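Visitor: For reference, each letter of the sequence shown is one residue, going 2 to 252 in the working numbering. We treat Cβ as the ideally placed atom computed from N, Cα and C, and that holds for glycine. From a predicted model like this one, the values you see are computed outputs, not experimental measurements.
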Amino acid sequence: MGKKWSFSFAVLIFLLLACGRENAEEAESDESENITNQQTDSFTRAREQMVEEQIIRNGVKDEKVLAAMRKVPRHQFVPRREIPYAYEDRPLDIGHGQTISQPYMVAVMTELLQPNEKMKALEVGTGSGYQAAILAEIIKEVKTIEIIKELGDSAKERLKKMKYENIEVKVADGYYGWEEHAPFDIIIVTAAVDHIPPPLIEQLGPGGRLVIPVGNPFTVQDLVLAKKDEEGRVSTQHLFPVRFVPLTGRH
Ligand code: SAM
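#1: Mind checking which residues open and close the alpha helix (DSSP H) that includes residue 159?
#2: Is the closest heavy atom of the ligand SAM to the C-beta of residue 174 under 7 Å?
#3: What do you reckon, is the C-beta of residue 102 under 7 Å from a heavy atom of the ligand SAM?
#4: So is the beta-carbon of residue 185 under 7 Å away from any non-hydrogen atom of the ligand SAM?
#5: Please report how far the alpha carbon of residue 27 lies from the alpha carbon of residue 247, in whole angstroms.
#6: How many angstroms separate the CA atom of residue 192 from the CA atom of residue 151?
#7: Counting along the chain, where does the beta strand (DSSP E) carrying residue 99 start and finish?
#8: At the level of alpha carbons, what is the spacing between residue 113 and residue 213?
#9: If we count the other Cβ atoms within 10 Å of its Cβ and call it buried at 16 or more, is residue 236 buried or exposed?
#10: Taking just the CA atoms, how far does residue 231 sit from residue 99?
#11: Is it the case that the CB of residue 69 approaches a heavy atom of the ligand SAM more closely than 7 Å?
#12: With 16 other CB atoms within 10 Å as the buried threshold, where does residue 222 fall?
#13: Return yes when the Cβ of residue 47 is within less than 8 Å of the Cβ of residue 88, no when it is not.
#14: Rounded to whole angstroms, what is the Cα-Cα separation between residue 233 and residue 65?
#15: Any idea which residues DSSP pairs residue 81 with across the strands?
#16: Between residue 69 and the rest of its own chain, which residues show a CB-CB distance below 6 Å, the 5 nearest in sequence each way excluded?
#17: By how many angstroms is the C-alpha of residue 62 removed from the C-alpha of residue 75?
#18: In this structure, what does DSSP give as the bridge partners for residue 226?
#19: Which residues in the same chain as residue 171 place their Cβ atom closer than 8 Å to its Cβ, once the five residues preceding and following it in sequence are excluded?
#20: Are residue 188 and residue 122 close, meaning C-beta to C-beta below 8 Å?
#21: When you compare only the Cα positions, how much space is there between residue 241 and residue 225?
#22: Starting from the C-beta of residue 173, find all residues in its chain whose C-beta is less than 6 Å away, skip the five residues before and the five after it, and write them out in chain order.
#23: Put residue 246 into one of helix, strand or coil per three-state DSSP.
#24: Taking the alpha carbon of residue 83 as the point to measure from, which residue in 228, 115, 184 and 129 has its own alpha carbon closest?
#25: Among residues of its own chain, excluding the 5 on either side of residue 1, which ones have a beta-carbon nearer than 6 Å to its beta-carbon?
#26: Name the two residues that bound the continuous alpha helix (DSSP H) containing residue 65.
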């Protein structure tokens, strides 16, 4: 077994043992409380390994994105039963039939937006709040919308506890955007839809960028990057195939 595999295996066993003591009630808990210092060190190492092996190795280069991915504790955004897998290269179940996206996908979508510290973003599909936290590490302000009340409320609570003062969460249908805060410098949609919602195009500011999975919401979609130029003209690029949960709502 290679050195890196042994390390991953050791971290997994440690976390399984650490998390295996919970009772059935705690297993449904949405928070990863009572983490010891030793566990915190393991998570930090697992996160470093995630960035090296899943994100840099797959071509993400933006140092701001890499720093955010190294910093934000993904294990605090997943249900307790998923904590041992928090730094694996895959989406995880967050309840209500929804997922927290694969770390690489979060990194690559964030990089495509070319975020900087002056920007305001809209995210559609808050889920756990992880993508919002990654953006909030880099940019000035994040507005995020979640359609499932329980997920929106728990993400709001979690982000508040984590002291993300530059994130605002709203429970609503994100298809229609968040008009009172428009225009946005960047917009990210983390659920699949068969067209780009016109209200999101309208709410994208001049020079803005939007990333969204477009295609059949029940099979595979294309990750699409839309850009609005200073005159308001919109161009789109289909980048690569992705698989997201559907954008629901009344559209
Ligand atoms: N970005 C999330 C994270 O970091 O955990 C993961 C998003 S998950 C793949 C997609 C989310 O979009 C789900 O939580 C789902 O409930 C939400 N969603 C689906 N349709 C929506 C809509 N019309 N408006 C807002 N949120 C929606």
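Guide: Let's see:
#1: 150-162
#2: yes
#3: yes
#4: no
#5: Confidence is the limiting factor: at residue 27 the pLDDT is only 33, short of 50, which leaves the residue's position unreliable, though a coordinate-based value still follows. So the two alpha carbons sit approximately 29 Å from each other.
#6: 17 Å
#7: 99-101
#8: 11 Å
#9: exposed
#10: 36 Å
#11: no
#12: buried
#13: yes
#14: 28 Å
#15: Answer is none; residue 81 lacks a bridge partner.
#16: 135, 138 and 139
#17: 20 Å
#18: 212 and 238
#19: 144, 145, 146, 147, 153 and 179
#20: yes
#21: 8 Å
#22: 146
#23: coil
#24: 129
#25: No information on residue 1 is available, as it lies outside the stretch 2 to 252 that the chain covers here.
#26: 64-72
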